[in-house]
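Quick notes on the structure that follows.
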Amino acid sequence: MIDILVMIKAFILGLVEGLTEFLPVSSTGHLILADHFLHFRQGPITPEIAATFEVVIQLGSILAVVVFFWKRLWSTIDFREGKARNKLNIFHIIIGILPAGVLGVLFQSDIKEKLFGPTTVIYALIVGGILMLVAELYSRKTTPATVTLDQLTYKQAFVIGLFQCLALWPGFSRSGSTISGGLFVRASHSVAAEFSFIVAVPIMFGATALDLYKSAHFLTMDLLPVFLTGMITAFVVALIAIVSFLKLVSRLKLIPFAIYRFIIAIVLLFFIA
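Numbering of the sequence shown is given in numbering that gives the first Met the number 0, commencing with residue 0 and proceeding in unit increments.
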């Protein structure tokens with residue numbers, strides 16, 4: 000029987016996941032920190048079950064993007080005459096996910112074995128923060144050439160996809176890397192953020208589906224309330240976070256998020272590493 004304390008911890012972790020997954024601050028770093036203070040991996044929650052739980056709550060965040068962007072995602076596969084011209088379509092998404100998808104498949108086990116840990120996450124937080132600062136400074140010296148998603152070119156989508164490869168390093172942040180890539184190809188902050196969320200769907204869904212397939216035996220009925228609590232919380236909070244971030248990113252830019260990353264890296268270094 001799962002006690003109320005475990006359910007509260009599941010709720011808090013779902014809250015952290017939903018709030019940070021699509022912000023350029025690294026959900027991995029925040030989950031490591033939250034797990035450290037909550038002591039989630041004890042009692043009935045073994046390390047293997049906790050790892051499966053993190054995959055399940057990530058699924059909640061992915062579903063939030065699907066719900067928020069469902070019209071845009073559906074329109075990318077509308078190939079009726081004239082519909083796919085001069086607009087974002089499925090080929091932009093394929094081009095955008097191809098680099099990270101290939102590398103992820105080839106090196107998934109190596110990434111989990113060698114790059115997933117508090118110390119490497121701290122390095123990723125710092126390096127990712129520096130990249131965001133450089134991208135922000137670059138964008139201030141140029142005028143955005145792409146101010147709507149439908150103006151995004153295949154070349155821009157591919158370059159953003161190359162930057163998404165950096166997110167394979169846990170702690171780097173998928174949105175941080177892809178939004179930075181978008182700024183480097185002279186997309187506006189809002190376009191870079193929106194495309195970042197859209198290309199995250201197939202990449203994250205594929206990785207999550209594979210992890211769930213491998214750890215499906217941990218999804219037992221007695222643990223179902225824990226998984227559902229975390230996933231539903233992550234879904235609701237991620238939906239709110241996406242709406243809020245898209246409204247704020249053009250005004251706040253990336254610098255506050257980069258500084259915040261440095262602070263989290265210091266906290267992780269002090270408490271974890």
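Note that CB positions come from ideal geometry on N, CA and C, so glycine has one too. Being a predicted model, the structure only gives us computed values, none of them experimental.
Residues of its chain near residue i, where Cβ-Cβ distance is below 7 angstroms and the 5 sequence neighbours each way are ignored
{"i": "ALA206", "result": "GLY103"}
{"i": "LYS252", "result": "GLU135 and HIS188"}
{"i": "ILE258", "result": "none"}
{"i": "VAL55", "result": "PHE226, GLY229 and MET230"}
{"i": "ALA144", "result": "ARG185"}
Among the options, nearest to residue i - alpha-carbon criterion
{"i": "ILE93", "options": "ILE76, ILE48, THR219 and LEU105", "result": "ILE76"}
{"i": "ALA33", "options": "ILE202, ALA123, THR45 and GLU53", "result": "GLU53"}
{"i": "ILE326", "options": "PHE204, ILE1, ASP109 and PHE270", "result": "Nothing in the structure corresponds to residue 326, since the chain is present only between 0 and 272."}
{"i": "LEU58", "options": "PHE244, LEU245, VAL200 and SER25", "result": "VAL200"}
{"i": "PHE162", "options": "PRO98, ALA186 and VAL225", "result": "PRO98"}
{"i": "VAL236", "options": "LEU12, LEU4 and ILE3", "result": "LEU12"}
6 angstroms CB neighbourhood of residue i in its chain, flanking five on each side removed
{"i": "LYS8", "result": "LEU37 and PHE39"}
{"i": "ILE254", "result": "GLU135"}
{"i": "ILE125", "result": "ALA264"}
{"i": "PHE115", "result": "PRO169"}
Pair within 8 angstroms by beta-carbon distance, residue i and residue j
{"i": "THR177", "j": "VAL198", "result": "yes"}
{"i": "PHE10", "j": "THR228", "result": "yes"}
{"i": "VAL64", "j": "PHE196", "result": "yes"}
{"i": "SER60", "j": "PHE234", "result": "yes"}
{"i": "PHE194", "j": "ILE241", "result": "no"}
{"i": "GLY128", "j": "ARG260", "result": "yes"}
Burial state of residue i, where buried means 16 or more other Cβ atoms lie within 10 Å
{"i": "VAL66", "result": "exposed"}
{"i": "MET230", "result": "buried"}
{"i": "ASP221", "result": "exposed"}
Own chain, CB closer than 8 angstroms to residue i, minus 5 neighbours either side, in chain order
{"i": "ILE47", "result": "Looking at the sequence shown, residue 47 is not Ile but Glu. Excluding residues within five positions, the ones whose Cβ falls inside 8 angstroms are SER214 and PHE217."}
{"i": "LEU72", "result": "VAL65, ILE197 and VAL200"}
In chain order, what are the residue ranges of uninterrupted beta strand (DSSP E) at least 3 long that sit wholly in the segment 67-140?
Taken in chain order, no unbroken stretch of beta strand (DSSP E) lies wholly in the segment 67-140 with a span of 3 residues or more.
Can you give, in chain order, each stretch of the alpha helix (DSSP H) that sits fully within the segment 207-267 and has at least 4 residues?
The segment 207-267 contains these whole alpha helix (DSSP H) runs: 223-251.
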